[in-house]
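Visitor: With this note's numbering applied, the sequence shown corresponds to residues 170 to 347, in that order. Note that CB positions come from ideal geometry on N, CA and C, so glycine has one too. In this text, all values refer to a predicted model and were calculated from it rather than measured experimentally.
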Amino acid sequence: MPTRFDAFSRTLHWLMAGLIFFVFAVGLIQEWMPRNDTRPVVIALHLFGGTALIGLVALRIFWAFLRKAPAEVAMPRWMALSSKAAHLLLYGFMLAVPLIGVWLYGVRGRSYSLFGVPMPMLFEKNDSIRRMVGEVHEVTAYLMMTLVILHIGAALYHHIILKDGLLFRMSGRTPSQR
Ligand code: HEM
Ligand code: HEM
Numbered sequence: 170m171p172t173r174f175d176a177f178s179r180t181l182h183w184l185m186a187g188l189i190f191f192v193f194a195v196g197l198i199q200e201w202m203p204r205n206d207t208r209p210v211v212i213a214l215h216l217f218g219g220t221a222l223i224g225l226v227a228l229r230i231f232w233a234f235l236r237k238a239p240a241e242v243a244m245p246r247w248m249a250l251s252s253k254a255a256h257l258l259l260y261g262f263m264l265a266v267p268l269i270g271v272w273l274y275g276v277r278g279r280s281y282s283l284f285g286v287p288m289p290m291l292f293e294k295n296d297s298i299r300r301m302v303g304e305v306h307e308v309t310a311y312l313m314m315t316l317v318i319l320h321i322g323a324a325l326y327h328h329i330i331l332k333d334g335l336l337f338r339m340s341g342r343t344p345s346q347r
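Here it is as structure tokens:
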């Protein structure tokens, strides 16, 4: 039984993680920046990065059926269960937040494109719910980032305090190569 995730799963994990930090940061920047010529580019990066995440998560879920996760690190049952629940919740957020974003863009009634590539409009303009959808997008994004921080804290706690080598399961290095 392998002791770490396969190379493709690891690549997807770090790509998704990088993209989430990027899209979240760009989401905050676009809210605060003045309405100048750069703002549409920043918004387009947010939309395209977020939409790309939906594709990566779908690929990760598909791949999880083909390549099973390595055997669990030994830990108390409550810890193993909460880690499973946190990972499932992370997947839920990673799909829900960008999908709500797509919904938000739809109900705002604006089409968008980056480098000339247009995106399909999947929803009709709807002024009566755009505020509510915007709030839901924002709150779920913040909840996801809170869970991400807890996840990183848990990974570091395992690796540094419990010294169970958990980080090696998501890295190309092995303990013997240190
Ligand atoms: C946006 C950021 C992140 C997200 C959404 C995320 C999500 C996930 C998910 C869903 C898993 C379950 C395994 C899988 O299905 O691939 C996982 C595993 C893991 N993540 Fe992250 N992760 C993020 C960032 C990080 C960071 C920064 C670290 C390192 C400090 C890290 C360390 C790990 C480790 C070590 C595992 C394997 C856990 C195990 O073997 O049970 N993750 N991550
Ligand atoms: C991981 C994925 C995503 C994250 C973490 C995220 C996060 C955010 C954040 C933090 C904001 C600022 C909210 C505020 O302070 O009011 C925002 C705004 C927004 N997001 Fe996202 N988002 C994601 C994906 C998407 C996607 C895929 C779309 C559409 C295709 C989208 C459309 C929007 C729109 C239209 C706004 C409002 C921009 C404005 O006020 O002009 N988001 N997002």
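(1) Nearest by alpha-carbon distance to H306: which of V211, G219, R208, R204 is it?
(2) Whole angstroms are fine: how far does the CA of L188 sit from the CA of L316?
(3) For Q346 and I330, what's the separation of their Cα atoms in angstroms?
(4) With distances taken between CB atoms, is the gap from V226 to M202 smaller than 8 Å?
(5) In terms of DSSP beta bridges, what is S282 paired with?
(6) Taking only the alpha-carbon atoms, compute the straight-line gap between Y260 and S252 and give it to the nearest angstrom.
(7) Measure the CB-CB distance between F299 and R277 and report whether it falls below 8 Å.
(8) Quick one: grab the DSSP three-state call for P245.
(9) Could you tell me if I230 is buried or exposed, where buried requires 16 or more neighbouring beta carbons within 10 angstroms of its beta carbon?
(10) Just tell me which of H215, D296, A238, M248 has its CA closest to the CA of L268.
(11) Can you give me the C-alpha to C-alpha distance between L273 and V302, rounded to a whole angstrom?
(12) Taking 7 Å as the cut-off, is the beta-carbon of T220 closer than that to any non-hydrogen atom of ligand 2?
(13) Classify I298 as helix, strand or coil using the three-state DSSP reduction.
(14) What are the boundary residues of the alpha helix (DSSP H) that includes T180?
(15) Among residues of its own chain, excluding the 5 on either side of A249, which ones have a beta-carbon nearer than 8 Å to its beta-carbon?
(16) Please report the residue range of the alpha helix (DSSP H) in which H215 lies.
(17) Mapping the DSSP letters down to three states, classify S251 as helix, strand or coil.
(18) Can you tell me whether Y281 sits near ligand 1, meaning its C-beta is under 7 Å from at least one heavy atom of the ligand?
Guide: Quick answer:
(1) Out of V211, G219, R208, R204, G219 has the C-alpha closest to the C-alpha of H306.
(2) Straight through space, the alpha carbons of L188 and L316 are spaced by roughly 16 Å.
(3) Reliability of the predicted coordinates at Q346 is poor, the pLDDT of 47 falling under 50, and no value is obtained from them.
(4) Pairing V226 with M202 gives a Cβ-Cβ distance that is not under 8 Å.
(5) Per DSSP, P287.
(6) A straight-line Cα-Cα distance of about 12 Å links Y260 and S252.
(7) This sequence places Arg at residue 299; Phe is not what is there. Going by C-beta atoms, R299 is nearer than 8 Å to R277.
(8) When DSSP states are grouped into helix, strand and coil, P245 belongs to the coil group.
(9) By the 10 Å Cβ count, I230 comes out exposed.
(10) Here the closest residue by C-alpha is H215.
(11) One C-alpha to the other measures close to 6 Å.
(12) T220: yes, Cβ under 7 Å from ligand 2.
(13) I298: coil per DSSP, three-state reduction.
(14) Annotation for T180: the continuous alpha helix (DSSP H) segment containing it runs 176-201.
(15) The beta carbon of A249 sits closer than 8 Å to those of E241, all from its chain and outside the five residues before and after it, given in chain order.
(16) Taken as a continuous stretch (DSSP letters only), the alpha helix (DSSP H) holding H215 covers 208-235.
(17) It is helical.
(18) Relative to the non-hydrogen atoms of ligand 1, the Cβ of Y281 never comes closer than 7 Å to any of them.
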